[in-house]
Amino acid sequence: MKTSLDIFAALADPTRLRMVWLLRAMELSIGELAQVLGQSQPRVSRHVKILADAGLIERRKEGSWVFLSLGDPSVITPLLAAIDAWSHGDAEDYWVRADHARLAAVRADRARAAEDYFNAHAAEWDAMRALHIAEAIVEGAIRAALGPAPIRCLVDIGTGTGRMIELFGGLAQRVIGIDRSPEMLRHARAKLARPDLAAALAHVEFRQGDMFALPLLSACADVVIIHQVLHYAQQPQAAIAEAARILAPGGRLLVVDFAPHDHEALRTRHAHARLGFSDAQMSAWFAAAGLMPAPPTPLAGGPLTVNLWLAHASADPFPALSAPPEGGAEAQDDA
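For the sequence shown, numbering that gives the first Met the number 0 assigns the number 0 to the initial residue and increments by one for each residue that follows.
Encoded structure:
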């Protein structure tokens, strides 16, 4: 645990105080932070190390990029409250105004890059959407499945463009988007940095990670969503077991994917490893992971049927052991 001396020593430099202020507004890469501050990346990296050593910020590597966010809330929350109290509502100084103007430019760069990416892939995604019921109906069913109750921590596995977080992140106190692709994470950040979303979703964090080895502690999430991702998995049962690991007692796992189908083009053109899942498969995998399944929700309306499979973790943190389904989960895996 860092002492108050460590913390205030780290903040004694004006540039480092500006960095904390900027990261309060949004998560930034080292390159973006250097752009806003008008300093070289090596110099910014030295400041980052001092702040990280004091526990004030966290570094997270994604491919060749390093992203920065504020550190442990137990350290950061009282510090920001003190800074707010000390300001006494005074007008912002020159550096704050200049930093926020350059921060707006970073948001614009992200938005432009995201728009270019989405435009380049629009035809591909439109072709996929044409195979199943309208996205608005699917998203409405997800909303009904999750309900209106507040969520302590929401984890979106395979977050992609961040659509699930855009829709449901406002229900949660903490939101974490996980994806293997650094490029997709950058686009998700850009999308959620739009002015109409940034304030409501300022508590969202993104992490690079694999669905089979999530970079999260066990029992940390109240709700986990796996939306249109499981069909890419060579071992979907292992992904479900890993999602179950991070569920807190009483937590919920929602899987949204296709029912079994024979559209081989999705395997050859879009890298789908699985051509849908049966209710029996999903129920067996839930049971093997110690989860209690609810009745599935099928959404037909095109060549493909979209299914919603919801399961709950036991509210008892030490449930009695139960026998696996006859033949084990693999017996239900006919793929």
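C-beta: ideal position from N, C-alpha, C; glycine also.
A quick note: this is a predicted structure, and the numbers were derived from the prediction, not measured.
Check                                                                                                                               : Outcome
Could you give the first and the last residue of the continuous beta strand (DSSP E) run that contains Met291?                      : Leu290 to Pro292
The alpha helix (DSSP H) spanning Asp83 covers which residue range?                                                                 : Pro72 to Ser86
DSSP has Ile177 in a bridge; who is on the other side?                                                                              : Ile156 and Arg206
Mind checking which residues open and close the beta strand (DSSP E) that includes Val65?                                           : Trp64 to Leu69
Using a 10 Å radius around the Cβ and a threshold of 16 neighbouring Cβ atoms, would you call Thr267 buried or exposed?             : exposed
Between which two residues does the beta strand (DSSP E) containing Ile29 stretch?                                                  : It is not in any beta strand (DSSP E) - Ile29 instead sits in the alpha helix (DSSP H) that spans Ile29 to Leu36.
Per the contact definition of three or more C-beta pairs closer than 8 Å, is the region 155-174 in contact with the region 191-200? : yes
Thinking C-alpha only, which one of Trp20, Leu191, Gly249 and Ala212 is nearest Ile150?                                             : Gly249
How big is the Cα-Cα spacing for Ile402 and Met18?                                                                                  : For the chain, the structure presents residues 0 to 334; residue 402 sits outside this window and is missing.
Given a cut-off of 8 Å, decide if Ala293 and Leu309 are closer than it, judged by their beta-carbon atoms.                          : yes
Can you grab the Cα-Cα spacing for the pair Thr296 / Arg58, in whole Å?                                                             : 40 Å
Using the C-alpha atoms, what's the distance from Ser68 back to Ala11?                                                              : 19 Å
Pull up the DSSP beta-bridge partners for Ala220, would you.                                                                        : Leu246
Is the beta carbon of Asp221 sitting closer than 8 Å to the one on Cys152?                                                          : yes
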